[in-house]
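To start, the structure itself, in structure tokens.
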Amino acid sequence: MMPNRYFQVMRKFPKRLPNAAVCQRRSLSLISKCVTGPTQQPRHLLRKTLPCVNVISARSMFIRVQETPNPNSLKFIPGVEVLESGTVDLPTPSHGYRSPLARQLFRIHGVRGIFYGKDFITVTKSDDSDMTWTLLKPDIFAVIMDFFATNMPILTDEQPAEDTAISEDDDEVVTLIKELLDTRIRPTVQEDGGDIIFKGFDPESGVLQLKLQGSCSDCPSSSITLKSGVQNMMQFYIPEVTSVEEVTDELDDVSNEALQKLENELNSKE
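According to the UniProt record's numbering, the stretch in the sequence shown is residues 1 to 270, in order.
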């Protein structure tokens, strides 16, 4: 069973992560130093929608909302089939890897859990008096409408990243680090064509080791990405993290040495 602190901290994540347009040090906006453009925010629900059950366009989908016995959960009924059969429970952001829709919903400030039925989507928000459905519903509507307009499958065969998969040997701090990486940091970096891989954490020194991949590995702003973005966020939510360091694999070092040697040879011939 996951430590109580794990659930307490994860419940606080949405509350302490404002929208990217207004956030400062507590957001992922600083991580996007190697982004070519600003982060696109979900569109709000139009005041007038066509009452249809088929997806004609993202702007004309009619979504009904139904209350549940749990005041922190609402059923969103899009008027189209969600699952062919059965149900799927995605109780935490770390379960969202299976569903492109869930991954987008979990990025909404305040969303804590997702549940799929044959014709409905149940969204559970964080237990926070400041996080009301009035604030959440417009973004939830927009994400659902945009998703069904793409005709993408609601579930995929994608597997969770092995480096951030939580194992029984992980202690409380490592569990929190992996959860924060997988649900808040990596999606933003992956949008820019890169990734951040968990390599290790030293509990004595508090040093977190990460590896940059893809477009971020050779980005001139990679150090800013780590220090001003990832490190600040890690220290804010997990005080046990004192610093973040970039590490490279042995194969990367060999490749870099070979590349440097070739470059020196070419320069000597000029």
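Glycine is no exception: its CB is placed at the ideal position from the N, C-alpha and C atoms.
By the neighbour-count criterion, in which a residue is buried when 16 or more other Cβ atoms sit within 10 angstroms of its Cβ, VAL247 is exposed. In the three-state scheme derived from DSSP, where H, G and I count as helix and E and B as strand, LYS211 is classed as strand. Between VAL244 and LEU226, the C-beta spacing is below 8 angstroms. Residue range 172-180 is occupied by the alpha helix (DSSP H) that includes VAL173. Taking C-beta atoms under 8 angstroms as the contact rule, LEU90 and GLY110 fail to qualify, at a distance of about 16 angstroms. Apart from sequence neighbours up to five positions away, the residues of its chain that approach VAL82 with a beta-carbon distance below 7 angstroms are TYR116, GLY117, LYS118, ASP119, PHE120, ILE121 and ILE154, ordered along the chain.
In this structure, ILE166 is the residue among ASP157, VAL65, PHE148 and ILE166 with its C-alpha nearest to the C-alpha of PRO93.
Apart from sequence neighbours up to five positions away, the residues of its chain that approach PHE147 with a beta-carbon distance below 6 angstroms are LEU101, ordered along the chain. Burial is judged here by how many other beta carbons sit within 10 angstroms of a residue's own beta carbon; GLN66 has fewer than 16 and is exposed. Taken through DSSP and simplified to helix, strand or coil, PHE62 comes out as coil. LYS199 carries a strand assignment under DSSP once its states are collapsed to helix, strand and coil.
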